[in-house]
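All remarks here apply to the structure that follows.
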Amino acid sequence: MSNIQGERHPFLDDLTADAELTSSVLRGPVIGRDEIKLAVNTVGTFYASQHPTFLETVGARLFLEYEAVLTSGERLNATVVVDRNSDGSVPRVSVRMSPLGAVLSLAANLREALSGRLPEDLFL
């Protein structure tokens, strides 16, 4: 997800130093602000387009749904759940994606782009 000039990202700007990201395209959690930013920004490079379809905050949780088209032409749907602490900081983010074909394509691209930069056991 790229920032629109002058707008804050829905969660990247508020990650705690030891934040955790879980996702359908990874085997385990990505831990740490810089590592999460790297993963999220890299995923964004594989999107030809992205359109939010739902954004709502319920209590301390932000729910974001979006549709994307990958650079391969595959369509992807995602649901992002962002947990916030009372001070507004973000300790946890969960990203669930479908359908499986697009998820596996994105996972392969992510492995290729980030192998050697994130732990190898994270990749599908």
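Just so you know, we're using my numbering here: the sequence shown kicks off at 1 and counts up by one.
All residues carry an ideal CB built from backbone N, CA and C; glycine is no exception.
Quiz item: Is it buried or exposed for L122, if we count other Cβ within 10 angstroms and need 16 for buried?
Solution: Numbered from its first residue, the sequence shown carries residue 122 at position 122. Label assigned to L122: buried.
Quiz item: What is the rounded straight-line gap between the Cα of V58 and the Cα of A107?
Solution: Working through the sequence shown from its first residue, we reach residue 58 at position 58. Working through the sequence shown from its first residue, we reach residue 107 at position 107. Roughly 30 Å between the two C-alpha positions.
Quiz item: With contact counted as at least three CB pairs below 8 Å, one residue from each stretch, are the segment 92 to 111 and the segment 72 to 81 in contact?
Solution: yes
Exercise. Figure out for me which residue from E20, E65, H51 has the closest Cα to the Cα of P29.
Key: Residue mapping note: residue 29 aligns to position 29 of the sequence shown, counting from 1. Measuring from the Cα of P29, the nearest candidate turns out to be E20.
Quiz item: What separation, rounded to the nearest whole angstrom, lies between the Cα atoms of F63 and G116?
Solution: Taking the sequence shown and counting its residues from 1, one reaches residue 63 at position 63. Taking the sequence shown and counting its residues from 1, one reaches residue 116 at position 116. Cα to Cα, F63 sits roughly 31 Å from G116.
Quiz item: Nearest CA to the CA of S89: which residue from L70, A60, E120, V95?
Solution: Along the sequence shown, one-based indexing puts residue 89 at 89. It is A60.
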